[in-house]
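Residue numbers (the UniProt record's numbering): 1 to 1268. C-beta atoms are modelled at their ideal positions from N, C-alpha and C, and glycine is treated no differently.
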């Protein structure tokens, strides 16, 4: 592609500019030839933009671009070669050669010692010049226009304020679909292998929906094993099995075969239940031939697949398929403007029409809409500008694969050249791989994609590229990374990148490659190769690969590997079984990145010192590597050295000579020595000359001595330092001595970081107090702070005034018994008088593993008493409790300006394993006005969680055995309670929508659940029900049931729940297993007269009529074509009870509006209960049946003999009586008839003696169901 070419030509021009006057080039005598080469490149550079524009459609221009690209790659190699050989002649191997106008300082012998090398290099440069001259004479070149690419600008600032908008935030469809699928999972969790599918085109949101189902709280703890794997098109059995075993945390050896891995999987899953998601499935044999047999050992399991192809779902034999539909124009427009973060409502209205046109161009695909939104966000928000975007011909590129929309290509086309190169490079990672920011940065720098900016490190520039691609939605952040340092590439965007890079990048195994193909390739990702890699024979043709990576399954590489891939820039052998590196590695003069992370090497050859262009050497997790070669200190251009998690102790002296080092990970500290070349760890002084340090991770700091840190400004002047990790070694046998503690205190005091530090980690610090610099004045830029296993510290540092701190984690501070006002930086406990704010930007606070922590306060005790008295007085002013339940925004919940001084941005708080903590600080509820999630686990002495009026999302309490009360949390929407056996009071949760209880909470929760339900009814009326979810371990068929509290209150005599007609057959045709008898005893209930029949459907329980009562009703349906039309009730006026107690008497419901079809039904004495049951029993066919294209039919009983066929009809969109029911029992008499439901969701209908309401030209048949 010309886009790659444009970046490559610019890079070569810049390199030539840098080296053309170096002494190494002068001694070779090729200065003039290189200058001619540079001039030709500059001339061609002006025409590349036009060539790129035409190359996508014009094959002749495309071929011209390919020829030029080959020449430019050769030129890049020759620039490296000339610099390398010239420096060899100078004998200095310096990374910063001196500039001069002559080589007079050299001896005549040195000037003419290698005439052959000088001649060969000169000849190669002249050949390149001739080739470029021929390309310029090509008639294609003469037709190109001299244009410069438009300046696309940067969105690096945009990323700091923009937010990710998921499709489910703007549409209701995904919510309904998730509920439906979760209900199916729950209902069939005991099935041997129940299979569901989510089907839809690429980019439509299948994975998003599957993730919501997979993470749904109703399924937590339901299965023994949860696993999610992505199955690529070019999968191998070994890769799939290894991925599945990893997610199940099962150990396996690198070299195991597919059969051995299947045996391990079978053993791991035996007699267990599982929930497995197969994401992006392309081939049914992944299940049928690979996973079905080993997973058969499980007692039960759910398999959820996402796929673009209906045939895959059919071949696997899914019982239920959900199709994800395209977004409507209105919903798509909402996603578009929200993704652009448009705040002005008037602007939204003004751009609506043109915006909907753009949405329609995006084909209703959420992914296409989101990436297009980021293109529009960088433009003027005017109708004319948007029309200009809409008029671009990229929307209808003829040669794009049909599954790739023009909107996706538009998002790529809008990128500046350097970002295009970086985006395309992301395909060298396996599909669905989590790409980390640091990996991408390293590779982009190694490949030369990053532009040089004055006073800015290449890595900082590359980091801006990374966040810009995220901002443009071309990379998707992974939620588990708080700082968005992990991401994934959507499979459609990956397809686009693969298509654009198809001629120079190979992904797969090596066997299909032929000579002329492999010689054209520049980058290779080897996938599914479990044996030793053997490079195919190519005769005399050179292999010019620049990047070689794997999917981390390699056994090793053959002996010729390093000899044949001499053009490599990036060599990634991480997690392979490579054991040795040959001396020939020194001949890879172009190599910039060498990644041996997780390999079995035990040493590196001294020839590695010849890699003068090496920028990155990654040796992390090399568990057999105990020493570094002396030649390591000759890698003068080295920028990153990774040694973390290795046993390396013996290191060469002189690491400080590598002045370009900016990332040192796992830097082992030692006393150093003046007498040896190899030493036991590096001296701290060796850091003094490393002025470009950006990330520094030091281990074994306890081995440093005060005399080895004489410079008080060792780190303070390092203006690029952003990440600092300070580790001491944990003592397992005996504690450190007092002398050791005094020594480490002195060492830490001298490690004062610079003001620009952003990320700080302190681990296993064993002094009694933290260093004095760990405070406000020295850490003005600090954003992330982690203090781990500082077991001797008696007090936390005063960090509350660090102005930019967003993430704080405190773990394992076992000596701390109290966290007081000193923590917020107020030793006097009178912080408010200073008019400052404590933790002004903190968003996430985690405190865990604090075994002796008892007290927590932000102010002094006297002031806290005053605040408690004031709070009590305020509470007395509203004895009815209504003030505490006012919604957010009302005066009762608004903090006064005087008291807004603490944690104003905190959104998430986690407390874990703090068994002695007795109480939460009252200021937490008064000040943390943005708190959304609060998790308290295994904090057994905590007795109350109360007075948190601003907590607006979820409260999780688990393993809090001493907890007695939860109260006054008026905005909490979700409450999860597990293993809190003494929780007797839960009240004043007016905004609660969902309550999740584990099985151990069933008895104690009866004390307070009815009160919550009553409060909910008083505040919200009968329009919304409180949803309660319990884990019922006794059930044979299911473990999760929604229990609507009003039913339990209204039906006091209920003693058991019984399936009707337990021997019914034919359920397989509707995807339902044979029902079994389930008894649910309720403590304290009275015996009912007669048996109550219960249907458990979709997690909802609906009571039906007593068997001896005659039940007559018509389920009325509304046709979209007959709005407001009603079918009359027929039959007897005997008591009807669907979800109602049997004491009710008949009434007739009045008509309803056109939007809700009326239901005529016998009524009850208690009309409010009737309304409540109607609300819980209705089913919306629009939501549940539309994806199948089914037409609901009016259900009726036969008028003639029991076996006589009968007909009825209704073209309808809504069953207004049963909104959340999707299984209804069928009981029509003692004889068999046939039931054939075209609507998949209607599986079990409990109705007696329905009358037929015939309509011409339509029918409904019953078959394959035993009626009794």
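Asked: Taking residue 457 as the reference, give the member of 660, 485, 1011 and 559 with the closest Cα.; Found: 660
Asked: Say yes only if the C-beta of residue 473 is nearer than 7 Å to one or more non-hydrogen atoms of the ligand FAD, and no if none qualify.; Found: Because no ligand of any kind appears in the structure shown, any question about the ligand FAD cannot be addressed here.
Asked: What does a CB cutoff of less than 7 Å around residue 373 pick up in its chain, not counting 5 residues either side in sequence?; Found: 336, 339 and 340
Asked: Is residue 183 buried or exposed, if buried means 16 or more other CB atoms sit within 10 Å of its CB?; Found: buried
Asked: If you follow the alpha helix (DSSP H) that residue 210 is in, where does it begin and where does it stop?; Found: 206–214
Asked: For residue 751, count the other beta carbons within 10 Å of its own beta carbon; 16 or more makes it buried, fewer makes it exposed. Which is it?; Found: buried
Asked: Applying the 10 Å Cβ sphere with the 16-neighbour rule, what's the burial state of residue 55?; Found: buried
Asked: Where do the N-terminal and C-terminal ends of the beta strand (DSSP E) with residue 815 fall, by residue?; Found: It is not in any beta strand (DSSP E) - residue 815 carries neither H nor E in the DSSP assignment.
Asked: Alpha carbon to alpha carbon, what distance is there between residue 195 and residue 317?; Found: 7 Å
Asked: Rounded to whole angstroms, what is the Cα-Cα separation between residue 207 and residue 904?; Found: 35 Å
Asked: Output the boundary residues of the beta strand (DSSP E) element that contains residue 1018.; Found: Careful: residue 1018 lies outside any beta strand (DSSP E), inside the alpha helix (DSSP H) at 1009–1020.
Asked: Which same chain residues, not among the five before or five after residue 631, have their C-beta less than 6 Å away from its C-beta?; Found: 606, 608 and 609
Asked: Nearest CA to the CA of residue 737: which residue from 768, 495 and 192?; Found: 768
Asked: If you compare alpha carbons, which of 322, 804, 407 and 851 is closest to residue 173?; Found: 322
Asked: How many whole angstroms separate the CB atoms of residue 620 and residue 666, which I take to be in contact at a CB cut-off of 8 Å?; Found: 7 Å
Asked: Is it buried or exposed for residue 8, if we count other Cβ within 10 angstroms and need 16 for buried?; Found: buried
Asked: DSSP state of residue 376, grouped into three classes?; Found: helix
Asked: Thinking C-beta only, is residue 858 closer than 8 Å to residue 921?; Found: yes
Asked: Give me the residue from 473, 334, 276 and 441 with the minimum Cα distance to residue 306.; Found: 276
Asked: Which term fits residue 380, buried or exposed, when burial requires 16 or more other beta carbons within 10 angstroms of its beta carbon?; Found: exposed
Asked: Suppose you measure from the CA of residue 396 to the CA of residue 635; what does that come to, to the nearest Å?; Found: 50 Å
Asked: How is residue 86 classed by DSSP in three states: helix, strand or coil?; Found: helix
Asked: Between the C-alpha atoms of residue 896 and residue 332, what's the straight-line distance to the nearest angstrom?; Found: Because the pLDDT at residue 896 is just 41, under 50, the model does not fix this residue reliably, and the value given afterwards should be weighed accordingly. When rounded, the distance between both Cα atoms is 40 Å.
Asked: What are the boundary residues of the alpha helix (DSSP H) that includes residue 228?; Found: First-last for residue 228: 225–230, but that is the beta strand (DSSP E), not the alpha helix (DSSP H).
Asked: For residue 614, I'd like the list of residues in its chain whose CB is within less than 7 Å of its CB, leaving aside the five on either flank, ordered along the chain.; Found: 591, 592, 594, 635, 637 and 638
Asked: Is residue 574 closer than 8 Å to residue 604 when the C-beta atoms are compared?; Found: no
Asked: Among residues of its own chain, excluding the 5 on either side of residue 125, which ones have a beta-carbon nearer than 7 Å to its beta-carbon?; Found: 30, 33, 34, 37 and 78
Asked: CA-CA distance, residue 1017 and residue 941?; Found: 33 Å
Asked: Taking only the alpha-carbon atoms, compute the straight-line gap between residue 669 and residue 704 and give it to the nearest angstrom.; Found: 6 Å
Asked: Tell me the DSSP bridge mates of residue 444?; Found: Looking at the DSSP assignment, residue 444 forms no beta bridge with any residue, so it has no partner.
Asked: Out of 263, 293 and 795, state which residue places its alpha-carbon closest to the alpha-carbon of residue 824.; Found: 795
Asked: According to DSSP, residue 618 sits in a beta bridge with which residue or residues?; Found: 595 and 642
Asked: Just how far apart, CA to CA, sit residue 815 and residue 854?; Found: 11 Å
Asked: Who are the Cβ neighbours of residue 264 in its own chain at under 7 Å, not counting the five residues just before and after it?; Found: 245, 250 and 252
Asked: Using 10 angstroms around the beta-carbon of residue 46, count the other beta-carbons present and answer buried if the total reaches 16, otherwise exposed.; Found: exposed
Asked: With DSSP as the reference, label residue 1295 as helix, strand or coil.; Found: One cannot answer for residue 1295 here, as it falls past the ends of the chain, which runs 1 to 1268.
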